[in-house]
Amino acid sequence: MTTLLKVEKITKKFGDFYANKEISFEVKKNEVLAILGENGAGKTTLMNILFGHYTPDAGNVSFEGNTIEFGNTNNAIKLGIGMVHQHFTLAENLTVLENIIIGRQSIFSLSLPKRQARIKILELSKKFGLPIDPDELVANLSVSEKQRIEILKTLFLDCKLLILDEPTAALTPQETDSLFSTIRNMIKTGLSVILISHKLNEILAVSDRIIVLRNGSSVGETDTNSAERQKIAEMIVGKKIEYPQKTKIPRKSKVLSLLDVSYNKADAQRLSSVNLNLYGGQILGIAGVAGNGQTTLAKILSGHLKATQGSIVFEEVGSVHISPKSFMDLGVAYIPEDRNSDGIVGDMEIWENAIMTEMDDSFFRNSLGFINKKNSFDRSRNLCETYDVRMQSIRQRSRLLSGGNVQKLLLGRWLMREPKIIIACQPTRGLDEGAIASIQKLLLEAQQNNSAIILISEDLDELLSMSDDIAVMYKGMLSNPIETRTTNKLSIGLQMAGDGF
Amino acid sequence: MLKFRLEERAKSPYWLIILSPFIAILVAIILAGMLIILAGANPFESYYQLIIGAFGSKNSFAETLARATPIILTGLAASIAFRAKFWNIGAEGQLYFGALATTFFGTGLVVLPSVLMIPFLFVIGALAGGLLLLPLVLLKLYYKVDEVVTTLLLNFVVVLLVSYLLEGPWKDPMSLGWPQGKSVIDEGVLPQVLSKTRLHLGFIISIGLAFSVWFILSKTVIGYRIKSVGLNASAASHAGIPIFKTVLIVAILSGGMAGMAGVTETAGLKGYLTLDLSPGFGYAGIAVAMLANLNPIGVIFSGVFLASIYVGADAMSRAMNVPTYLADVIVALTVLCILLSLVFVHYKILFFKAKKDD
Numbered sequence: 000m001t002t003l004l005k006v007e008k009i010t011k012k013f014g015d016f017y018a019n020k021e022i023s024f025e026v027k028k029n030e031v032l033a034i035l036g037e038n039g040a041g042k043t044t045l046m047n048i049l050f051g052h053y054t055p056d057a058g059n060v061s062f063e064g065n066t067i068e069f070g071n072t073n074n075a076i077k078l079g080i081g082m083v084h085q086h087f088t089l090a091e092n093l094t095v096l097e098n099i100i101i102g103r104q105s106i107f108s109l110s111l112p113k114r115q116a117r118i119k120i121l122e123l124s125k126k127f128g129l130p131i132d133p134d135e136l137v138a139n140l141s142v143s144e145k146q147r148i149e150i151l152k153t154l155f156l157d158c159k160l161l162i163l164d165e166p167t168a169a170l171t172p173q174e175t176d177s178l179f180s181t182i183r184n185m186i187k188t189g190l191s192v193i194l195i196s197h198k199l200n201e202i203l204a205v206s207d208r209i210i211v212l213r214n215g216s217s218v219g220e221t222d223t224n225s226a227e228r229q230k231i232a233e234m235i236v237g238k239k240i241e242y243p244q245k246t247k248i249p250r251k252s253k254v255l256s257l258l259d260v261s262y263n264k265a266d267a268q269r270l271s272s273v274n275l276n277l278y279g280g281q282i283l284g285i286a287g288v289a290g291n292g293q294t295t296l297a298k299i300l301s302g303h304l305k306a307t308q309g310s311i312v313f314e315e316v317g318s319v320h321i322s323p324k325s326f327m328d329l330g331v332a333y334i335p336e337d338r339n340s341d342g343i344v345g346d347m348e349i350w351e352n353a354i355m356t357e358m359d360d361s362f363f364r365n366s367l368g369f370i371n372k373k374n375s376f377d378r379s380r381n382l383c384e385t386y387d388v389r390m391q392s393i394r395q396r397s398r399l400l401s402g403g404n405v406q407k408l409l410l411g412r413w414l415m416r417e418p419k420i421i422i423a424c425q426p427t428r429g430l431d432e433g434a435i436a437s438i439q440k441l442l443l444e445a446q447q448n449n450s451a452i453i454l455i456s457e458d459l460d461e462l463l464s465m466s467d468d469i470a471v472m473y474k475g476m477l478s479n480p481i482e483t484r485t486t487n488k489l490s491i492g493l494q495m496a497g498d499g500f
Numbered sequence: 000m001l002k003f004r005l006e007e008r009a010k011s012p013y014w015l016i017i018l019s020p021f022i023a024i025l026v027a028i029i030l031a032g033m034l035i036i037l038a039g040a041n042p043f044e045s046y047y048q049l050i051i052g053a054f055g056s057k058n059s060f061a062e063t064l065a066r067a068t069p070i071i072l073t074g075l076a077a078s079i080a081f082r083a084k085f086w087n088i089g090a091e092g093q094l095y096f097g098a099l100a101t102t103f104f105g106t107g108l109v110v111l112p113s114v115l116m117i118p119f120l121f122v123i124g125a126l127a128g129g130l131l132l133l134p135l136v137l138l139k140l141y142y143k144v145d146e147v148v149t150t151l152l153l154n155f156v157v158v159l160l161v162s163y164l165l166e167g168p169w170k171d172p173m174s175l176g177w178p179q180g181k182s183v184i185d186e187g188v189l190p191q192v193l194s195k196t197r198l199h200l201g202f203i204i205s206i207g208l209a210f211s212v213w214f215i216l217s218k219t220v221i222g223y224r225i226k227s228v229g230l231n232a233s234a235a236s237h238a239g240i241p242i243f244k245t246v247l248i249v250a251i252l253s254g255g256m257a258g259m260a261g262v263t264e265t266a267g268l269k270g271y272l273t274l275d276l277s278p279g280f281g282y283a284g285i286a287v288a289m290l291a292n293l294n295p296i297g298v299i300f301s302g303v304f305l306a307s308i309y310v311g312a313d314a315m316s317r318a319m320n321v322p323t324y325l326a327d328v329i330v331a332l333t334v335l336c337i338l339l340s341l342v343f344v345h346y347k348i349l350f351f352k353a354k355k356d357d
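Residue numbers (numbering that gives the first Met the number 0), protein chains in the order written: chain A, 0 to 500; chain B, 0 to 357.
Structural data, given as C-alpha cells:
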C-alpha cells in the first residue's frame with residue numbers, strides 16, 4: 000500500500016506546554032487510521048495542524064509526496080484533506096444542495112452553479128451509499144442525515160483523506176453501523192480515513208490501525224487485528240484501569256414517582272405523559288438518542304423546569320415547590336450533561352466551585368454573610384482528596400482541570416451531601432477510560448448507600464453494565480422499564496429508533 | 000500578502016497585564032495628539048497645559064477630585080452590574096432620580112441635625128436609584144426584556160421629568176426665573192473638605208463606598224453569588240444559587256450607587272438641582288468601569304483619571320485655543336485602546352505569509 004499522508008515529528012507548544020511533541024505517523028491509501036487519546040492528549044491540536052488551523056513549531060507533513068504549507072485551510076482542502084467536525088457547521092435555513100456548495104463560491108458571485116453540482120452530488124451519494132434529498136432544508140434533517148451532508152461536503156471537494164472527529168457521538172447503534180459501512184465503502188473506492196474517537200469498541204470494529212496519544216506524545220501504534228481492548232485502554236490512560244463491578248442490592252422503598260408528566264413549551268424538548276417510579280438502591284438507566292426529551296426529563300426531575308401537566312411526587316413529602324434549591328434540599332443531586340456550561344464555573348477557583356452548593360450552610364458563612372474561608376478550604380481539600388480530583392492547588396482556576404477531574408469535582412460536591420436521588424446525565428461522556436471507571440465506581444458506591452440513581456446515557460455498554468432496569472426515550476415518550484438482564488443491545492437499539500412506541 | 004491570526008495564550012505574562020493599561024493610555028494620547036496637531040496647536044504644550052489644568056494648583060487638584068466624585072460612583076454602579084452581566088446603561092437616569100429624591104426630602108420636608116441628615120440623604124438617594132431600576136429588572140427576569148434598551152431609554156424619560164419639574168412645580172421662586180430646584184437645607188449640605196475649594200465630603204464617601212463594594216464583592220456570600228452568576232449563570236443555578244434574588248440585589252446595589260452620585264452633586268457641589276447637573280456622568284461611569292476592568296478599587300483611579308482629562312481639557316482649551324471636545328476624544332480613545340489591549344493580553348498575534356487564494 001502506498002503512503003498518502005506522512006507526518007514527521009510534529010511539535011506544537013502553547014507557552015511551556017507541549018500540546019504535540021514529536022508526533023510521527025503515516026496514513027496509507029485505503030486504510031482507516033484511528034487516533035485515540037483522552038481529552039487534552041493532543042488529538043484535536045494535531046488535526047487542526049493537518050487541516051491548517053494551527054502552525055506547528057517544528058515538523059513536517061507531506062501529502063502524496065508534497066510538503067503541506069501550514070496554517071492554510073484552503074490549501075489543505077485543495078490538496079484533498081476534508082474534515083467533519085464533531086459539531087456540525089451547516090446553515091439550517093438552506094437546502095442540502097446549497098449547504099454543500101456554498102463555501103466554495105466567492106461571496107461576490109451572483110448565482111450558484113446548482114445544476115452541475117446537483118449531478119455530482121447525486122453521483123457521490125449513490126457511489127458511497129449516502130442517500131440524501133438535495134432540496135430538503137437542513138433544519139428538517141436528523142443528526143445522522145446532517146452528518147451525511149457533512150461527509151458529502153468533503154467528498155464534493157474531491158477529498159482523498161477524510162478526518163472524522165467523534166463521528167458517532169450523537170448516533171444510535173444502527174446509525175453507527177451504517178456510518179461504518181459507509182466508511183468501509185470509502186476505503187474500497189480509494190479514500191483514506193482518520194477517525195478520532197474515545198469509544199474503544201467502535202474503534203476496534205472499524206479501524207485498520209490504531210495510534211494512541213497521551214500528553215501530546217504518541218505512545219503506541221498497533222494493528223487493530225492484534226489489539227487487545229484492555230491493553231489499549233491502559234495505553235490511553237498510562238496506568239492500570241480497574242473497572243468497577245456491579246453488585247446488585249435489594250430494592251428499597253419508593254422515593255419518587257412521575258405521574259403522567261408532559262412538557263409542551265417551545266423552550267425545551269417535549270415530553271408526553273411520562274410515568275416513572277424510582278426506588279432507593281436502584282439504578283434506572285434511560286437510553287435514547289440525544290434530543291428525544293431526556294434533557295427535559297432530567298430538568299423536571301431536578302426542579303429546573305415545571306411540567307406543564309402531571310405531577311412529581313416525592314414519597315415522603317408529597318408535592319413540592321418547583322425550584323432547584325427546594326429539590327436539592329429534598330436530597331436530589333443533578334449532574335447536567337454539559338459539565339462545562341452547566342456544571343462548573345470555569346473562571347472561578349476550585350474551592351469556590353467545591354462549596355457552591357453549600358452557601359446556605361452556616362459552616363461556610365457567618366451570620367453577617369462573610370464566607371468562612373478556612374472551613375471552605377478544608378472542605379475543598381477534603382473533597383478533592385476523597386474523590387481523587389487531581390489539581391495543583393485549590394486556588395487554581397477550575398477551567399484548567401481535565402474533563403474527568405471536573406466531573407469528579409462536581410459528582411463529589413453532590414456526594415458530600417449524601418443525596419437520596421442522583422440524576423446523572425451523560426456522566427462519562429467524553430471522558431477517558433480511567434475517568435469513566437472512577438465515575439462509574441462512585442455511582443455504584445452511591446447505590447450501595449441506598450441512593451436512587453437515574454442514569455441517562457447514550458452509551459449502551461455503560462447502561463447495560465450499570466443499570467438494574469432500562470427504559471428508552473423516544474420522541475418525548477418513555478417506555479416501561481425492563482430488567483437489564485432480560486434485554487440486550489439489539490432490542491434497545493431498535494426501541495431507540497422508535498420500535499414499540 | 001501578509002495575514003495574521005489570533006491565538007489564545009495559555010497564560011498571560013504578568014508584566015503584560017500590568018503594563019498594558021499604561022501602554023493603551025499612551026497610545027490614546029499619541030492618537031489624540033495628532034488631532035491636536037490638526038487643530039493647529041503643539042501637542043506637547045497642550046498636554047502640559049492639560050496636566051497643569053488638572054493638577055497644577057490646590058484649586059485645580061480639588062476641582063479634579065470633585066469632578067471625580069460622581070464618576071467614581073457611577074463607575075461603581077457599572078462595575079457591580081457588569082460583573083453579574085446585568086447591563087445597566089441607566090446610571091444617568093438613576094443619578095437624576097437620586098437628585099430628585101435629594102431635592103424632595105432635603106429642601107425642608109425633613110429637617111435633621113447634620114450628622115443624621117447627610118446619611119439620610121444618601122440612603123434616600125440610593126433607594127431612589129435602586130427603585131428606578133427595580134421595574135426594569137423585573138421586566139428582564141419575568142419577560143426577558145433586554146435591560147440595555149430599557150435602562151438606556153429610561154434615562155431620557157427621567158431627564159425630561161426633571162426638566163418638567165424644574166420648569167414647573169419644583170421651580171425655585173427665588174431663582175430669578177432660572178429652572179432650578181430649591182436649595183438643600185444647610186444641615187444637608189456636604190461640608191467642604193479643603194477650604195476655599197469645591198471639594199466636598201462626597202469624595203471621601205465615594206472612596207469609602209468603593210472600598211465597601213470591593214469588600215462585599217470579594218469577602219461575602221453575596222459577592223460570591225454575584226461573581227458566579229456573572230461568570231456562568233447556568234452553572235450557578237444548577238448549584239442552587241438563586242439567580243433571581245442575586246440579579247435583584249445587583250440591580251439595587253448598582254442603581255443605589257448611581258443614585259448616590261445624584262446626592263453628591265445636588266447636596267455637595269451645587270446645593271440645588273439643575274438641568275445640567277450631570278454632563279453625562281452616568282455614561283462616563285461605563286468608561287470608568289471598563290478602564291478599571293470592573294475592579295472597584297481600580298474605579299477610584301480611573302475615575303480620577305477621567306476627571307483630570309475633563310478638567311484639564313478646559314484649561315488646555317483656553318490656553319491653546321483648541322476645542323474642549325478633545326477631552327471626549329481622549330476618553331473614547333483610551334477606552335478603545337484599553338479594550339484592544341485586553342485582546343493583546345489574552346491572545347498572541349501570529350503573522351504569516353499566505354499565497355494568493357483562488
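Don't be surprised by glycine CBs; every beta carbon is placed ideally from N, CA and C.
| Asked | Found |
| --- | --- |
| Quick one, are the C-beta atoms of proline 418 of chain A and valine 331 of chain A less than 8 Å apart? | yes |
| If we count Cβ pairs, one from each stretch, closer than 8 Å, do we get three or more for the region 470-483 of chain A versus the region 286-294 of chain A? | yes |
| Could you name the residues that DSSP lists as bridge partners for methionine 472 of chain A? | A:Leu477 |
| What's the gap between the Cα of serine 227 of chain B and the Cα of alanine 235 of chain B? | 6 Å |
| Taking the beta carbon of aspartate 357 of chain B as the centre, do at least 16 other beta carbons fall within 10 Å, making it buried, or is it exposed? | A caution first: aspartate 357 of chain B carries a pLDDT of 38, below 50, which makes its placement in the model unreliable, though a value can still be read off. It is exposed - the Cβ of aspartate 357 of chain B has fewer than 16 other Cβ atoms within 10 Å. |
| Is the distance from the Cβ of leucine 255 of chain A to the Cβ of glutamate 174 of chain A below 8 Å? | no |
| Please look up how many angstroms separate the CB atoms of threonine 102 of chain B and leucine 272 of chain B, rounded, as I've assumed it's under 8 Å. | 5 Å |
| Which of the three DSSP states, helix, strand or coil, is assigned to lysine 8 of chain A? | strand |
| DSSP beta-bridge partners for arginine 396 of chain A? | A:Glu348 |
| Using the beta-carbon count (16 or more within 10 Å), is lysine 57 of chain B buried or exposed? | exposed |
| Would tyrosine 223 of chain B and valine 157 of chain B qualify as a contact pair, given that the criterion is a beta-carbon distance under 8 Å? | no |
| Would you say valine 342 of chain B reaches chain A, if we count a Cβ-Cβ gap shorter than 8 Å as a contact? | no |
| Can you find the residues in the same chain that come closer than 6 Å, C-beta to C-beta, to leucine 154 of chain A, ignoring five residues on each side of it along the sequence? | Leu123 |
| Tell me which residue opens and which closes the alpha helix (DSSP H) that aspartate 259 of chain A is part of. | Run containing aspartate 259 of chain A: none in the alpha helix (DSSP H); it sits in the beta strand (DSSP E), 253-262. |
| Contact criterion: CB-CB distance below 8 Å. Does serine 361 of chain A meet it with respect to chain B? | no |
| Consult DSSP for leucine 325 of chain B and reduce its assignment to one of helix, strand or coil. | helix |
| Residues of the region 353-385 of chain A in Cβ contact with chain B at a cutoff of 7 Å, in chain order, please. | Met355, Thr356, Met358, Arg364, Gly368, Phe369 and Ile370 |
| Once you ignore the five residues that flank isoleucine 348 of chain B on each side, which residues in its own chain have a CB closer than 7 Å to its CB? | Phe3 and Leu5 |
| Do leucine 161 of chain A and leucine 129 of chain A have their C-beta atoms closer together than 8 Å? | no |
| On the DSSP letters alone, give me the boundaries of the beta strand (DSSP E) that tyrosine 333 of chain A sits inside. | 331-334 |
| Could you tell me if proline 12 of chain B is buried or exposed, where buried requires 16 or more neighbouring beta carbons within 10 angstroms of its beta carbon? | exposed |
| May I ask you to list the residues that DSSP assigns as paired with glutamate 6 of chain B? | B:Lys347 |
| Should lysine 324 of chain A be flagged as near chain B, meaning a C-beta pair shorter than 8 Å? | yes |
| Taking the alpha-carbon positions, what's the methionine 472 of chain A to glutamine 293 of chain A distance? | 7 Å |
| Please confirm if lysine 46 of chain A has its CB atom under 8 Å from at least one CB of chain B. | The sequence shown places methionine at residue 46 of chain A, rather than the lysine named in the question. Not one chain B Cβ lies under 8 Å of methionine 46 of chain A. |
| Answer yes or no: does any C-beta atom of chain A fall closer than 8 Å to that of alanine 291 of chain B? | no |
| Can you find a CB in chain B that lies within less than 8 Å of the CB of serine 340 of chain A? | yes |
| Name the DSSP beta bridge partners of leucine 163 of chain A, please? | A:Val83 and A:Leu194 |
| Between which two residues does the beta strand (DSSP E) holding asparagine 276 of chain A run? | 270-278 |
| On the three-state DSSP scale, how would you describe valine 188 of chain B? | coil |
| Could you run through the region 231-250 of chain B and flag, in chain order, every residue whose CB is less than 9 Å away from some CB of chain A? | Asn231, Ser233, Ala234, Ala235, Ser236, His237, Ala238, Gly239, Ile240 and Pro241 |
| Closest by CA to isoleucine 28 of chain B, which one among B:Asp327, B:Phe243 and B:Thr196? | B:Asp327 |
| Tell me which residues of the region 153-183 of chain A have at least one Cβ-Cβ distance to chain B shorter than 9 Å, keeping chain order. | none |
| For glycine 403 of chain A, which residues in chain B fall below 9 Å Cβ to Cβ? | What glycine 403 of chain A touches in chain B: nothing, since even the nearest Cβ is about 18 Å away. |
| Is the Cβ of serine 379 of chain B closer than 8 Å to any Cβ of chain A? | Here chain B covers residues 0 to 357 and nothing more, so residue 379 of chain B does not appear. |
| Leaving out five residues before and five after isoleucine 296 of chain B in sequence, what residues of the same chain have Cβ atoms less than 8 Å from its Cβ? | Ala209, Phe210 and Trp213 |
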